[in-house]
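> In UniProt numbering, the protein residues as written are 1 to 404. This structure is in C-alpha cells; I'll ask about it shortly.
This is the structure in C-alpha cells:
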C-alpha cells in the first residue's frame with residue numbers, strides 16, 4: 001500500500017498518528033481522512049474503492065476497458081466506468097494514457113466498417129474499437145492509406161478542458177464532448193472559487209471529471225494569511241463534495257511561484273490531482289517557474305505562454321513543452337477559438353487545451369431597468385448571459401481530432 005493510503009488507513013482504524021508527526025501534519029492528515037472510510041477492511045474515497053498500487057489499477061483497467069460484448073471501449077466510456085467505482089491519484093490521466101496505448105485500439109491500415117467509399121478512417125472518441133475492422137455492408141471499399149488512419153487515431157490524444165461557471169455551461173460542455181471541466185464562478189474576472197451548491201448540482205448532472213478553481217478574489221496572486229485560510233477551507237469543503245481535482249496558483253511579490261505556500265495548499269489538496277492556473281503567465285521567468293512546479297508535484301500548468309493569448313504565446317508554450325519532457329502537462333489556454341485551435345496545437349505539440357467555448361445570449365427579462373448596473377462599469381451586462389455553446393465545443397473537439 002502506498003504510504004499516503006497507509007497513513008489514512010492507520011488513522012481511520014487506530015485513531016492515532018505516526019510518532020514523528022508535527023501538529024500541522026496531524027491537522028492535514030485529519031483533514032485528508034475526512035472523505036475516506038473503511039469498509040470490510042478496504043479504504044474508500046466516498047463510494048469509490050481506493051486502488052493501492054498502479055499494478056492493481058492496470059489489472060482493473062484491463063477488465064473495465066472491455067464492453068459486455070468484448071469490444072474495447074473508448075477513452076470517455078472507460079474513464080467514466082473506472083472513475084465511478086475506483087480511485088487513485090491521477091486516475092483520469094492514467095486511464096486516458098492506457099486507452100491510447102492499447103494495442104487493440106491502435107490497429108490501423110485495415111478495411112473500414114463504414115458503408116461507403118471513404119477518403120480516410122473516421123474514429124469517434126468513444127468508438128476506437130471500430131478502427132481496422134472489416135466492412136459489414138458488402139460493398140467494395142478501397143484499402144485505407146495508413147497516414148490518414150494514423151492521424152485519426154493519434155487525434156484521440158487531445159484532451160479538451162472547458163472552463164464553466166454555471167450548470168447550463170457544464171451540461172453543454174459535456175454534451176459537446178469536453179473531457180474535463182474547470183468549474184469556477186465569475187469568469188469575467190478570470191475565474192474565482194465556485195459555490196458548494198454549484199459544485200453539488202454540476203456533479204449531479206455530469207459524469208466527466210470536474211476540477212475546481214480555488215481563487216478567493218480577483219486581482220493578483222499574492223495572498224494574505226487570511227486569504228490562505230479561506231483557500232485551505234475551500235479546498236477542504238470542495239473535496240467533501242466530490243471535486244475530482246483542484247486548480248490554484250500563488251506567486252511571491254517578485255513574480256516567482258510561491259513554493260512554500262503551494263506546498264501548504266498541495267498538502268490540503270492531496271490526494272487529488274492539481275493544476276497550476278494562469279498565475280503562471282505573471283511569473284518573472286517561465287522556465288524557472290516550470291521547474292518549480294515540477295518539483296512541487298503539479299500535474300499540469302495552464303498557460304497562454306505569458307502573452308495576451310495562447311496564439312500569441314505559441315513560441316513560449318512550445319519551449320515549455322520541450323523543456324517539460326513529459327514531467328508535467330503544459331496546457332495552452334487563453335483566447336482559444338475554432339479559428340486558431342489548429343495553429344496552436346500544431347505549433348506547440350500540446351496534447352491538452354483549455355477553452356470556454358461561450359456564446360452570448362440575451363436575457364429573457366421583459367422589464368428592464370437600464371439605469372442600474374450591479375457592479376463596475378466594466379462588469380457583465382445585466383441583460384446578457386454567456387454560456388458554453390454545445391456547437392462550439394463540438395467544433396473545437398472535431399478540430400482537435402483532425403489535427404495531427
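Just so it is clear, CB atoms sit at the ideal spot from N, CA and C, and this is done for glycine as well.
Got a sec? Which residues, its chain only, sit under 7 Å from residue 368 by beta carbon, not counting five neighbours each side?
Close CB contacts of residue 368 within its chain, under the 7 Å cut and outside five residues either way in sequence, are with 383 (chain order).
> Taking 8 Å as the cut-off, does the stretch 284–293 touch the stretch 82–93 (at least 3 CB pairs, one atom from each stretch)?
no
> Within 7 Å: the Cβ of residue 394 and any heavy atom of the ligand COA?
This structure lacks the ligand COA; in fact it carries no ligand of any kind.
> Is it the case that the Cβ atoms of residue 160 and residue 397 are separated by a distance below 8 Å?
yes
> Return the bridge partner residues of residue 68 from the DSSP annotation.
Its beta-bridge partners do not exist; DSSP assigns none.
> Given this structure, state the Cα-to-Cα distance separating residue 400 from residue 25, to the nearest angstrom.
43 Å
> Report the option in 316, 311, 371, 277 whose CA atom is closest to the CA atom of residue 285.
316
> Mark residue 270 as exposed unless 16 or more other C-beta atoms lie within 10 angstroms of its C-beta, in which case mark it buried.
buried
> Between the C-alpha atoms of residue 248 and residue 191, what's the straight-line distance to the nearest angstrom?
11 Å
> Quick check: residue 255 and residue 283, are their CB atoms within less than 8 Å of each other?
Result yes, Cβ atoms of residue 255 and residue 283 sit closer than 8 Å.
> Please classify residue 244: is it buried, with 16 or more other beta-carbons within 10 angstroms of its beta-carbon, or exposed?
buried
> Rounded to a whole number of angstroms, what is the C-alpha to C-alpha distance between residue 113 and residue 66?
Note that residue 113 scores 33 on pLDDT, short of 50, meaning its location in the model is unreliable; the coordinates nonetheless yield the value given after this. When rounded, the distance between both Cα atoms is 19 Å.
> State the start and end residues of the unbroken alpha helix (DSSP H) segment that holds residue 359.
First-last for residue 359: 358–362, but that is the beta strand (DSSP E), not the alpha helix (DSSP H).
> Please classify residue 38 as buried or exposed, where buried requires at least 16 other C-beta atoms within 10 Å of its C-beta.
exposed
> Leaving out five residues on either side along the sequence, give the residues of the same chain with a beta carbon under 6 Å from the beta carbon of residue 324.
330
> My output table needs one value for residue 384: the three-state DSSP class, helix, strand or coil.
strand
> Round the Cβ separation of residue 52 and residue 5 to the nearest angstrom and send it over; I've been treating them as touching at under 8 Å.
About 6 Å; that satisfies the 8 Å criterion.
> Can you have a look at residue 116 and say buried or exposed, based on whether 16 or more other CB atoms are within 10 angstroms of its CB?
Summary for residue 116: the model assigns pLDDT 38, below 50, so the residue's position carries little reliability; its value from the coordinates is reported in the next sentence. Exposed, since its Cβ has fewer than 16 Cβ neighbours within 10 Å.
> To which residues of the same chain is residue 187 closer than 7 Å at the C-beta, ignoring the five residues directly before and after it?
163, 165, 356.
> Strictly by DSSP, which residues pair up with residue 49?
Its beta-bridge partners are 44, 86.
> Find out if the Cβ-Cβ distance for the pair residue 279, residue 221 is shorter than 8 Å.
yes
> In the DSSP output, what is residue 354 paired with across the bridge?
161, 333
> Just verifying my parser: in three-state terms, what is the DSSP assignment at residue 238?
Here DSSP, grouped into helix, strand and coil, assigns residue 238 to helix.
> Since residue 275 is in the alpha helix (DSSP H), which residue starts that stretch and which ends it?
First-last for residue 275: 274–276, but that is the beta strand (DSSP E), not the alpha helix (DSSP H).
> What is the rounded straight-line gap between the Cα of residue 349 and the Cα of residue 250?
27 Å
> Between the alpha carbons of residue 158 and residue 311, how many angstroms are there, rounded?
17 Å
> The beta strand (DSSP E) with residue 180 in it runs from where to where?
180–183
> Indicate the three-state DSSP secondary structure (helix, strand or coil) for residue 206 in the structure shown.
coil
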